[in-house]
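Visitor: When we follow the numbering used here, the leftmost residue of the sequence shown carries the number 2, and every step to the right adds one.
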Amino acid sequence: MSNRGLARSEPATLRAVLFALVPDENTVDPDDRRSVTQSRDSANIPALDGKGAPFRVDLMFATGALEAGTTYYLQAVVEDVPDGSEEPEFLTATYTGFTLDSLNRIQHVCVEPGRGGTAGVTDPLLAQQWHLDNTGQTGYAETGGVAGEDLQMDGILDDGPTGAGVKVAVVDTGMEICHPDLADSVEAGASFHFDALDVRTDPEFGWALRMDSADPFNYDSTGGHGTSVAGLIAGSADNGIGGRGVAPDALLRGYNALNSSSQFSDLFSSLGASDLLPNSRDVDIFNMSFGGGGSRPANAHPYLERLFSYGVNNLRSGLGAIYVKAGGNAFGACNSLERLINERIGCRSTNADDWSNLPYLIITGAFNADGRKASYASAGPNLWVTAPGGEYGSSRPALLSTDQMGADRGLQILRDDNPLQGESAVNPDGDYTGRMNGTSGSAPLVSGAVALLLETVPALTWRDVKHILAKTARKIDPDIAAVEETIGTMLRTLRLPWTENAAGYSYHDWYGFGAVDVDAAVAMAGDYTPDSLGEFRQSGWFEGGPGGAIPDNDGTGLTATLNVSTLPDDASIEAVLLEVDIDHEFPNDLGIHLVSPGGTRAVLNQIYNDTLALDEPGNLRWRVLGNAF
2 MSNRGLARSE
12 PATLRAVLFA
22 LVPDENTVDP
32 DDRRSVTQSR
42 DSANIPALDG
52 KGAPFRVDLM
62 FATGALEAGT
72 TYYLQAVVED
82 VPDGSEEPEF
92 LTATYTGFTL
102 DSLNRIQHVC
112 VEPGRGGTAG
122 VTDPLLAQQW
132 HLDNTGQTGY
142 AETGGVAGED
152 LQMDGILDDG
162 PTGAGVKVAV
172 VDTGMEICHP
182 DLADSVEAGA
192 SFHFDALDVR
202 TDPEFGWALR
212 MDSADPFNYD
222 STGGHGTSVA
232 GLIAGSADNG
242 IGGRGVAPDA
252 LLRGYNALNS
262 SSQFSDLFSS
272 LGASDLLPNS
282 RDVDIFNMSF
292 GGGGSRPANA
302 HPYLERLFSY
312 GVNNLRSGLG
322 AIYVKAGGNA
332 FGACNSLERL
342 INERIGCRST
352 NADDWSNLPY
362 LIITGAFNAD
372 GRKASYASAG
382 PNLWVTAPGG
392 EYGSSRPALL
402 STDQMGADRG
412 LQILRDDNPL
422 QGESAVNPDG
432 DYTGRMNGTS
442 GSAPLVSGAV
452 ALLLETVPAL
462 TWRDVKHILA
472 KTARKIDPDI
482 AAVEETIGTM
492 LRTLRLPWTE
502 NAAGYSYHDW
512 YGFGAVDVDA
522 AVAMAGDYTP
532 DSLGEFRQSG
542 WFEGGPGGAI
552 PDNDGTGLTA
562 TLNVSTLPDD
572 ASIEAVLLEV
582 DIDHEFPNDL
592 GIHLVSPGGT
602 RAVLNQIYND
612 TLALDEPGNL
622 RWRVLGNAF
């Protein structure tokens, strides 16, 4: 339980009430419930900053007074508000409902008191979800966007697949499996709370408490990230509440690895490396709305590379799991020396994240409601596609999605001007936010699109999915110009315009192969022959290099040639990994371009990449991924 705004630590009293609904009532009124039992305890609440902090009190209830088969709810409120609180009162928190079976064992029930949808009724927030259908609406921001700049899924919304039966793991901070707009999409018993394995004991009374391992509930009151991600993927459709997800009938499960006490190992367990506690090997799509690093250049750990290689070669009965990952939000994150040119080419590239430099993932960028790169979205050569991410929701639209339940929890409390907070007609309980954004928001939209593809053609391989997304992506912001700067006496290109490779695909390091076009992708999948791309081969490393000095302030630079003549003439290049080994005092000054024999050029490392500015002078051995070829 948490609250915001305490100026100092003072004792307070926590009162918890266990109650059942009055028979035949659909709403909960504090005066209209059967009180089963009450328990009081006291807690010293620490000083809290404006963002809030969790505190925990364990309460004991005797199950002997409870009736099997009846639904109960736990409600808690803090009384005796300490002096010095900047908030007028501590607000009530309502927790997950439960029932008892005939043996008095607790069974969780995903129903929140007084909440729930009505089948067949239009979702009230759908009209403002511009990412699904952009009509120029404001999404509760001050201004709207450009009509048509969305996921291009009008046909799907009218009468298309819904992702039915496709299993999607939300690998994140947690997920509210009892959210009224998510509960119908949650795969029963498949989610996992990693810290549930830690047993809490009280030696004085001799009891042990173990959290429900199948409920990845996030106790942080500002921890709505995973719940918002889930809503973008598979929020329920046509139930008369909130909005909807791209694939409303997909099967969701949440893994709270980002909030666990053993994050790195738990991420492995969440991404296909475990068949028990949790069983992640039966997942079809893994949504990864997080960054794996980026403060310094690093190469992916060999264990990580083996994990994803195993996933694409073995999961989904050998067809390969789909890994969708956020590209990052560090375009403006110049933490060292910012130059004016960084405003045009960005501060930190997507290749700063070692997880993103592996060819097995779908790295996702973000565009706004105007159909241009979102202001924060990182750019780089390893992006695959882009999808709506929005801006910040105040002057320009963000994304509308599910939030932690209640008006005093979730993303909405982080900003005072939350556009949905006062909209009682469409958000009466505070279960939704208009502030979700970032590549954390665009990635789940791609995951939802992939769920539609896999429902349409379950036999698609992981490479088929990537191929279809790239083939059908649309070129947005088509007139974006190159960025050039004079280095020494030579004019050099620092950011390329849209570039067409030898296979006829257009690529840009702001957008990858373009914006996801859901209708076109589903149509292509319907006529597509699965596993028709041929064998996936890795060539092995080609070595070369000039072994010379890089000239200072000279646009001529240093050129090295790699002989790749051992590749088959008909090879279709899906990704290129380049490893550089450079000893330089100022690695931030270095730009790295790769040019194919056919003339396709890619900027594998932009000049003034802030990640390299944070590195120590000396040897730079770094592996970067390029998709443009």
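Idealized CB from N, CA, C, for every residue including glycine.
In this text the structure is predicted, and so the values were computed from the model without any measurement.
For Q464, which of helix, strand or coil comes out of DSSP?
Guide: As a working note, residue 464 is residue 463 in the sequence shown. Residue identity check: residue 464 is Arg in the sequence provided, not Gln. If DSSP states are grouped into helix, strand and coil, R464 belongs with the helices.
Visitor: For E150, name the three-state secondary structure that DSSP assigns.
Guide: Position 149 of the sequence shown, counted from the first residue, corresponds to residue 150. E150: coil per DSSP, three-state reduction.
Visitor: Can you name, in chain order, every residue of its own chain whose Cβ lies under 7 Å from the Cβ of I469, other than the five neighbours on each side?
Guide: Mapped onto the sequence shown, residue 469 falls at position 468. For I469, where only same-chain residues beyond five positions count, the Cβ hits under 7 Å are L454, A522, M525, A526 and Y529.
Visitor: Under a CB-based cut-off of 9 Å, is G312 close to chain B?
Guide: Of the chains in the structure shown, none is chain B; there is only one protein chain.
Visitor: The alpha helix (DSSP H) that contains H226, what's its start and end?
Guide: Along the sequence shown, one-based indexing puts residue 226 at 225. Residues H226 to A235.
Visitor: Are the Cβ atoms of D518 and Q153 separated by less than 9 Å?
Guide: For the purposes of this step, residue 518 is taken as residue 517 along the sequence shown, with counting starting at 1. For the purposes of this step, residue 153 is taken as residue 152 along the sequence shown, with counting starting at 1. Yes. Within cutoff.
Visitor: Identify every residue that forms a DSSP beta bridge with M289.
Guide: Against the sequence shown, residue 289 aligns to sequence position 288. Paired residue(s): K326.
Visitor: Please classify E501: is it buried, with 16 or more other beta-carbons within 10 angstroms of its beta-carbon, or exposed?
Guide: On the sequence shown, position 500 is the one that residue 501 refers to. Per the 10 Å Cβ criterion, exposed.
Visitor: Can you name, in chain order, every residue of its own chain whose Cβ lies under 8 Å from the Cβ of L359, other than the five neighbours on each side?
Guide: In the sequence shown, the residue the question calls residue 359 occupies position 358. Cβ within range, chain order: A301, L305, E306, F309 and L626.
Visitor: Which residue wins for smallest C-alpha separation from S337, given the options G329, G347 and G328?
Guide: Counted from its first residue, the sequence shown places residue 337 at position 336. Here the closest residue by C-alpha is G347.
Visitor: Could you please give the first and the last residue of the uninterrupted beta strand (DSSP E) stretch that includes L401?
Guide: By 1-based counting over the sequence shown, the position of residue 401 is 400. Residues L400 to T403.
Visitor: Beta carbon of L579: closer than 8 Å to some heavy atom of the ligand ATP?
Guide: With respect to the ligand ATP, the structure shown offers nothing to examine, as it has no ligands at all.
Visitor: Measuring CA to CA, which of G117, G156, G118 and T223 is closest to D134?
Guide: Taking the sequence shown and counting its residues from 1, the one referred to as residue 134 is at position 133. Ranking G117, G156, G118 and T223 by Cα distance to D134 puts G156 first.
Visitor: Should E456 be labelled buried (16 or more other beta-carbon atoms within 10 Å of its own) or exposed?
Guide: Against the sequence shown, residue 456 aligns to sequence position 455. Classification for E456: buried.
Visitor: With A638 and A367 assumed to form a contact (beta carbons below 8 Å), what rounded beta-carbon distance in angstroms separates them?
Guide: This structure cannot settle anything about residue 638, because the visible part of the chain is limited to 2 through 630.
Visitor: Verify whether the separation of the beta carbon atoms of T228 and T403 is less than 9 Å.
Guide: Within the sequence shown, residue 228 is the residue found at index 227, counting from 1. Within the sequence shown, residue 403 is the residue found at index 402, counting from 1. Yes, they are a contact pair.
Visitor: Less than 9 Å separating the beta-carbons of A1 and G391?
Guide: Past the boundaries of the shown model lies residue 1; the chain is included only from 2 to 630, so the question cannot be answered.
Visitor: Relative to the C-alpha of T490, which residue among L446, P498, D555 and A471 is closest?
Guide: Here residue 490 refers to the residue found at position 489 when the sequence shown is read from its first residue. Checking every option, the nearest Cα to that of T490 belongs to D555.
Visitor: Reducing DSSP to helix, strand and coil, say where R307 ends up.
Guide: Position 306 of the sequence shown, counting from 1, holds the residue named residue 307. Reduced to three states, the DSSP call for R307 is helix.
Visitor: Whole angstroms are fine: how far does the CA of L126 sit from the CA of S425?
Guide: Sequence index remark: in the sequence shown, residue 425 carries index 424 (1-based). Sequence index remark: in the sequence shown, residue 126 carries index 125 (1-based). C-alpha separation (whole angstroms): 12 Å.
Visitor: Rounded to a whole number of angstroms, what is the C-alpha to C-alpha distance between A322 and Y433?
Guide: Along the sequence shown, one-based indexing puts residue 322 at 321. Along the sequence shown, one-based indexing puts residue 433 at 432. Using only the alpha carbons, I get a separation of about 30 Å.
Visitor: Who are the Cβ neighbours of G149 in its own chain at under 7 Å, not counting the five residues just before and after it?
Guide: Here the question's residue 149 lines up with position 148 in the sequence shown. Taken in chain order, the residues that qualify are N135.
Visitor: Please state if the CB of T612 and the CB of P382 are separated by a distance shorter than 9 Å.
Guide: In the sequence shown, counting from the first residue as 1, residue 382 sits at position 381. In the sequence shown, counting from the first residue as 1, residue 612 sits at position 611. Not closer than 9 Å, so no.
Visitor: Pick helix, strand or coil for R622, following the three-state DSSP scheme.
Guide: One-based indexing of the sequence shown puts residue 622 at position 621. Strand at R622.
Visitor: Looking only at C-alpha atoms, which of R282, A184, D430 and A215 sits nearest to G190?
Guide: Counting from one through the sequence shown, the residue named residue 190 turns up at place 189. Per the Cα distances, A215.
Visitor: Can we say the segment 495-513 touches the segment 538-551, given the rule of at least three CB pairs closer than 8 Å?
Guide: No, the segment 495-513 does not touch the segment 538-551.
Visitor: Leaving out the 5 sequence neighbours to the left and right, which residues in its chain are closer than 7 Å to D267 when beta-carbon positions are compared?
Guide: Here residue 267 corresponds to residue number 266 of the sequence shown, with the count starting at 1. Closer than 7 Å at the Cβ level, and outside the excluded window around D267, lie F195, A258 and S261.
Visitor: Relative to the alpha-carbon of I363, which residue among N628, T71 and E68 has its alpha-carbon at the smallest distance?
Guide: For the purposes of this step, residue 363 is taken as residue 362 along the sequence shown, with counting starting at 1. Measuring from the Cα of I363, the nearest candidate turns out to be N628.
Visitor: Name the DSSP bridge partner or partners of R496?
Guide: In the sequence shown, the residue the question calls residue 496 occupies position 495. R496 is bridged to V484.
Visitor: Based on Cα-Cα distance, which residue from M437, A388 and Q405 lies nearest to T473?
Guide: As a position in the sequence shown, residue 473 is number 472, starting the count at 1. When each option's Cα is compared against that of T473, the closest is A388.
Visitor: What first and last residue would you give for the beta strand (DSSP E) that runs through V386?
Guide: Along the sequence shown, one-based indexing puts residue 386 at 385. Residues V386 to P389.
Visitor: Per DSSP, L605 forms a beta bridge with which residues?
Guide: The residue given as residue 605 occupies position 604 in the sequence shown. Answer is none; L605 lacks a bridge partner.
Visitor: Taking 7 Å as the limit between beta carbons, can you name the residues of its chain near R602, skipping five residues before and five after?
Guide: If you number the sequence shown from 1, residue 602 lands on position 601. L497, T500, H594 and V596, listed in sequence order.
Visitor: Taking I481 as the reference, which of Y512, I488 and W463 has the closest Cα?
Guide: As a first step, residue 481 is located in the sequence shown; it is residue number 480 there, counting from the start. With distances taken between Cα atoms, I481 lies closest to Y512.
Visitor: Give every residue of the same chain whose Cβ lies closer than 6 Å to the Cβ of L621, excluding the five residues on either side of it in the sequence, and list them in chain order.
Guide: Here residue 621 is taken as the residue at index 620 of the sequence shown, counted from 1. I583 and P588.
Visitor: Check whether the Cβ atoms of I477 and G329 sit closer than 9 Å, and answer yes or no.
Guide: Within the sequence shown, the letter at position 476 stands for residue 477. Within the sequence shown, the letter at position 328 stands for residue 329. Their beta carbons are not under 9 Å apart, which means I477 does not touch G329 by this criterion.
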